[in-house]
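Structure record follows, encoded as structure tokens.
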Amino acid sequence: LSLGLAAPPTVRIVHSGLACNIEEERYSERVYTIREGETLELTCLVTGHPRPQIRWTKTAGSASDRFQDSSVFNETLRISNIQRHQGGRYYCKAENGLGSPAIKSIRVDVYYLDDPVVTVHQSIGEAKEQFYYERTVFLRCVANSNPPVRYSWRRGQEVLLQGSDKGVEIYEPFFTQGETKILKLKNLRPQDYANYSCIASVRNVCSIPDKMVSFRLSNKTASPSIKLLVDDPIVVNPGEAITLVCVTTGGEPAPSLTWVRSAGILPEKTVLNGGTLTIPAITSEDAGTYSCIANNNVGNPAKKSTNIIVRGEGLDLMALKGPFPPKPVWDSILGVHVGFKWPVAHVFVPKPSAEIRLVWCPFVLGRSSISLVQTGDSWSPKDTVFWALPLLMPCTNCLSILRDLLEIPLSTSPFSSSSSAELPPNLTVPQEKSPLVTREGDTIELQCQVTGKPKPIILWSRADKEVAMPDGAMQSESYDGILRIVNVSREMTGTYRCQTSQYNGFNVKPREALVQLIVQYPPAVEPTFLEIRQGQGRSITMSCRVLRAYPTRVLTYEWRLGTKLLRTGQFDVQDSTEYTVSSLSRDSYGIYNCNIINEAGAGRCSFLVTGR
Numbered sequence: 018l019s020l021g022l023a024a025p026p027t028v029r030i031v032h033s034g035l036a037c038n039i040e041e042e043r044y045s046e047r048v049y050t051i052r053e054g055e056t057l058e059l060t061c062l063v064t065g066h067p068r069p070q071i072r073w074t075k076t077a078g079s080a081s082d083r084f085q086d087s088s089v090f091n092e093t094l095r096i097s098n099i100q101r102h103q104g105g106r107y108y109c110k111a112e113n114g115l116g117s118p119a120i121k122s123i124r125v126d127v128y129y130l131d132d133p134v135v136t137v138h139q140s141i142g143e144a145k146e147q148f149y150y151e152r153t154v155f156l157r158c159v160a161n162s163n164p165p166v167r168y169s170w171r172r173g174q175e176v177l178l179q180g181s182d183k184g185v186e187i188y189e190p191f192f193t194q195g196e197t198k199i200l201k202l203k204n205l206r207p208q209d210y211a212n213y214s215c216i217a218s219v220r221n222v223c224s225i226p227d228k229m230v231s232f233r234l235s236n237k238t239a240s241p242s243i244k245l246l247v248d249d250p251i252v253v254n255p256g257e258a259i260t261l262v263c264v265t266t267g268g269e270p271a272p273s274l275t276w277v278r279s280a281g282i283l284p285e286k287t288v289l290n291g292g293t294l295t296i297p298a299i300t301s302e303d304a305g306t307y308s309c310i311a312n313n314n315v316g317n318p319a320k321k322s323t324n325i326i327v328r329g330e331g332l333d334l335m336a337l338k339g340p341f342p343p344k345p346v347w348d349s350i351l352g353v354h355v356g357f358k359w360p361v362a363h364v365f366v367p368k369p370s371a372e373i374r375l376v377w378c379p380f381v382l383g384r385s386s387i388s389l390v391q392t393g394d395s396w397s398p399k400d401t402v403f404w405a406l407p408l409l410m411p412c413t414n415c416l417s418i419l420r421d422l423l424e425i426p427l428s429t430s431p432f433s434s435s436s437s438a439e440l441p442p443n444l445t446v447p448q449e450k451s452p453l454v455t456r457e458g459d460t461i462e463l464q465c466q467v468t469g470k471p472k473p474i475i476l477w478s479r480a481d482k483e484v485a486m487p488d489g490a491m492q493s494e495s496y497d498g499i500l501r502i503v504n505v506s507r508e509m510t511g512t513y514r515c516q517t518s519q520y521n522g523f524n525v526k527p528r529e530a531l532v533q534l535i536v537q538y539p540p541a542v543e544p545t546f547l548e549i550r551q552g553q554g555r556s557i558t559m560s561c562r563v564l565r566a567y568p569t570r571v572l573t574y575e576w577r578l579g580t581k582l583l584r585t586g587q588f589d590v591q592d593s594t595e596y597t598v599s600s601l602s603r604d605s606y607g608i609y610n611c612n613i614i615n616e617a618g619a620g621r622c623s624f625l626v627t628g629r
């Protein structure tokens with residue numbers, strides 16, 4: 018071929034597929050409009066010699082980020098089932114080494130309309146600290162769309178328009194940019210309790226039909242409230258099945274219940290049945306905060322949480338018995354005893370397990386665990402076990418070290434040994450010291466018993482979360498194994514770790530133990546204070562709700578007007594209590610107190626009832 022036939026590239030973009038329309042914009046820019054879910058096809062027609070190479074790209078990055086690589090370098094870019102995030106400007110670039118590359122672009126606009134959602138919000142009074150009986154209700158309609166959606170409202174079959182009803186106001190909040198339409202019902206009237214419909218429309222572009230959602234407003238419409246029938250926190254052993262029960266205590270229409278986990282998705286083995294969540298055979302990976310959320314599109318969703326703490330899964334070696342004495346291993350080059358070897362021994366453990374992790378791993382040569390075989394109630398190593406002491410010096414106190422590590426009576430030394438005061442560290446938690454239950458504001462002592470010569474310093478830290486200790490440091494030192502906390506608060510509930518420092522001279526892994534602290538606190542309630550203004554002869558209802566409390570299983574309440582006791586009772590599954598005055602008189606005005614009580618104290622709701 019002669020150079021005279023060579024030509025730089027040219028390019029233009031044509032469309033095929035299911036376009037709604039093609040619009041010509043200024044500067045010859047083209048806009049390709051397509052409905053979500055349809056198939057996009059763009060073809061890049063090129064000329065030039067040698068034949069140019071083609072590449073499709075997108076404004077937000079390479080087209081290969083979202084599409085198969087095979088289509089990126091073809092003349093035709095084909096996207097099946099196009100989604101809204103795939104809209105944008107697409108470029109076709111052609112180059113053959115002659116002159117500058119040829120580039121053309123086209124903007125793809127993806128149209129869609131999601132189902133609208135109506136949420137209901139109630140406003141009572143103009144100020145947070147006051148309570149009025151004139152209720153105003155806002156019905157908010159939201160739908161995601163492209164192009165922008167248009168809304169219309171109906172009450173029953175009646176079309177509601179701005180100005181058609183003095184009790185109705187329709188507006189769009191300036192900050193929502195047309196994404197929301199609000200229907201405001203001022204000072205609710207009997208005729209306002211009806212069935213409302215919100216119709217969302219994009220005016221049939223791309224043949225997208227209108228969508229409608231309805232909501233029934235009644236005098237019983239209320240935001241959701243829930244109660245967890247479990248304590249917080251929940252401390253369980255590994256392998257146990259745990260069930261969390263969440264029940265609705267209020268809300269109209271009936272709320273839907275969902276469970277979420279703060280650390281991400283729920284465990285795969287989770288079984289959900291309505292408000293009941295079950296985790297069979299729980300493990301330490303399943304620990305964390307679990308929350309039940311109730312939603313009925315009225316007000317804000319209700320949320321209650323509990324923290325699951327799984328005790329450590331390691332199985333301690335309880336005892337060793339079998340043929341003794343162990344045979345010493347002598348290193349002829351170093352001229353020292355470097356460890357012990359002894360035949361199969363029987364190991365008694367609290368629970369069966371195919372793999373027993375040794376608490377003294379640093380003394381096992383080349384491995385951190387050994388396989389055991391069960392025989393009756395005892396377990397035996399599959400083969401000879403070799404324990405190596407990391408001491409490159411004559412082992413003068415090996416017998417003492419073994420006795421402390423294995424907690425077994427060794428009356429005969431396997432080789433010449435002299436007594437030594439040095440002992441490796443050991444940590445235990447007294448049985449009555451974990452879990453440790455206290456009340457908010459008390460002084461509490463967390464205790465780890467430590468042995469070892471010399472006795473190591475103990476370091477305390479939080480084991481369940483990365484937060485500082487009560488003194489503000491990430492670790493607190495203790496010389497007697499006791500952590501003293503003054504004026505304990507509910508935020509201090511959790512798991513604390515005590516571990517040995519390296520001070521005692523043994524080059525071994527630090528020993529550690531866990532202590533669980535549970536802080537009881539009185540109920541937190543709402544409202545703490547409300548003013549109710551109502552005339553004589555009218556009725557009022559006051560409601561006091563529990564937000565948080567520990568323990569939650571035994572809650573009682575009492576209603577008082579001044580010092581006069583009006584009513585007492587005990588909570589069952591509900592989390593609120595009400596008191597109604599059917600006909601107000603001069604004697605029934607005053608301050609009403611509702612005290613909600615548990616073992617740790619009381620929370621109080623106060624209502625100032627006045628006729629002013």
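Residue numbers for the sequence shown follow my numbering, so the first one is 18 and each next one is one higher.
All residues carry an ideal CB built from backbone N, CA and C; glycine is no exception.
Query, Result
"CB contact flag (T27, T64, <7 Å)", "yes"
"Counterpart residues of K581 in DSSP-defined beta bridges", "L578"
"Test item: CB-CB of D132 and N161 under 7 Å", "no"
"Residues bridged to I243 (per DSSP)", "T265"
"Buried versus exposed call for G620 [16 or more other C-beta atoms within 10 Å across all chains shown]", "buried"
"Run of the beta strand (DSSP E) containing M559, from where it starts to where it stops", "557-567"
"Whole-angstrom distance between P25 and P69, CA atom to CA atom", "8 Å"
"Per-residue burial, F90 [other beta carbons within 10 Å of its own, 16 or more giving buried]", "exposed"
"Cutoff 6 Å; reference V651; Cβ partners in own chain excluding five residues on either side", "Given that the chain is displayed from residue 18 to residue 629, the structure contains no residue 651 and the question cannot be resolved."
"Spatial neighbours of A319 in its chain, beta-carbon cut-off 6 Å, leaving aside the 5 residues before and after", "P241, S242, I243, A311"
"Sequence-distant residues of its chain with Cβ nearer than 7 Å to D227 (five each side left out)", "I216, A217, S218"
"M229 - DSSP class collapsed to helix/strand/coil", "strand"
"Ordered list of alpha helix (DSSP H) runs contained in the stretch 93-123, each at least 4 residues", "none"
"Exposure of T545, with buried meaning 16 or more beta-carbon neighbours within 10 Å", "exposed"
"From G180, R106, I499, T512, residue whose alpha carbon lies closest to that of I474", "I499"
"Residue from P487, T510, I325, S495 with nearest C-alpha to I502", "P487"
"First and last residue of the uninterrupted beta strand (DSSP E) at P637", "Shown here, the chain extends from 18 to 629; a query on residue 637 therefore has no answer."
"Opening and closing residue of the beta strand (DSSP E) in which I461 lies", "461-464"
"Alpha-carbon to alpha-carbon, I30 and D182", "54 Å"
"C-beta neighbour in chain D for R157, strict 7 Å", "Included in the structure is just one protein chain, with no chain D present."
"Contact belief for Q516 with R528 at Cβ below 8 Å, rounded distance in angstroms", "7 Å"
"Alpha-carbon to alpha-carbon, Y128 and L59", "17 Å"
"N612, buried or exposed, once every other Cβ within 10 Å from all chains shown has been counted against 16", "buried"
"Backbone CA spacing between T510 and P284 [nearest angstrom]", "24 Å"
"Cα-Cα separation between G316 and E575, rounded to whole angstroms", "28 Å"
"Residues bridged to V31 (per DSSP)", "T60"
"S599 (DSSP reduced to helix, strand or coil)", "coil"
"Alpha-carbon to alpha-carbon, P447 and S518", "20 Å"
"Proximity test, Y188 beta-carbon vs the ligand ZN heavy atom, cut-off 6 Å", "The ligand content of the structure shown is nil, which means the ligand ZN is not present either."
"Distance between Y307 and L62 (C-alpha atoms, nearest Å)", "57 Å"
"Option nearest P118 by Cα separation, candidates C109, I96, D126, L156", "C109"
"Beta-carbon gap between C622 and V542 smaller than 7 Å", "yes"
"N615 classed as buried or exposed, judged by whether at least 16 other C-beta atoms fall within 10 angstroms", "buried"
"Q207 vs A258 beta-carbon contact at 7 Å", "Here the sequence assigns Pro to residue 207, which means Gln is not the residue at that position. Cβ distance not < 7 Å, so P207 and A258 don't count as in contact."
"Residue range of the unbroken beta strand (DSSP E) whose run includes Q516", "511-517"
"Reduced DSSP secondary structure (H/G/I, E/B, other) of T451", "Inspection of the sequence shows that residue 451 is occupied by Ser rather than by Thr. Three-state DSSP puts S451 in coil, outside helix and strand."
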